[in-house]
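Q: In our numbering, the protein residues as written are 423 to 577.
#1: Inspect the beta-carbon positions of residue 628 and residue 429 and report whether they are closer than 8 Å.
#2: With contact counted as at least three CB pairs below 8 Å, one residue from each stretch, are the region 459-478 and the region 433-440 in contact?
#3: In chain order, which beta strand (DSSP E) runs of at least 3 residues are fully inside the region 491-519?
#4: What are the start and end residues of the alpha helix (DSSP H) that includes residue 533?
#5: Cβ-heavy atom distance between residue 508 and the ligand GDP below 7 Å?
#6: When DSSP builds the beta bridges, which residues end up paired with residue 429?
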């Protein structure tokens, strides 16, 4: 297996990062019928690359991007024990690189960045029916703490 390096995303990665974003959206559409049809964007990737409170990482395998993920420092509700946590998102691994530990390497890099900033907790959201992603996050140490529910009044 070729060596996979985890590094901070740079502007020259943007074209591939836009492809990753569309890969995430394509994966999530079957789980969420409230998403608009056609081309949509979840992230302002260009801004995330330079934001001080966001750490956007990519997995690089011999010049080919294999995956991505970010941590964003957020304030929390005043009743929680910690003053801030890191919210993880944009977690994506190209199909050809799945099962190689890429997601875990990215999460490890994000954990290190968080620890350097005295952040003691990371959180993320995942669709209830996305069992593959849930398994990957549980393998990385995440635990379920809350289930979000919705009802569409026009459904």
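All C-beta atoms in this analysis are idealised placements derived from N, C-alpha and C, irrespective of residue type, glycine included. All of these numbers come straight from a predicted model, not from anything done at the bench.
A: On the basis of the coordinates in this document:
#1: The question about residue 628 has no answer, for the chain in this structure spans 423 to 577.
#2: yes
#3: 506-515
#4: Here residue 533 is taken as the residue at index 111 of the chain shown, counted from 1. Note, residue 533: alpha helix (DSSP H), 524-538.
#5: Looking at this structure, you won't find the ligand GDP or any other ligand, since it has none at all.
#6: In the chain shown, the residue the question calls residue 429 occupies position 7. 480, per the DSSP bridge assignment.
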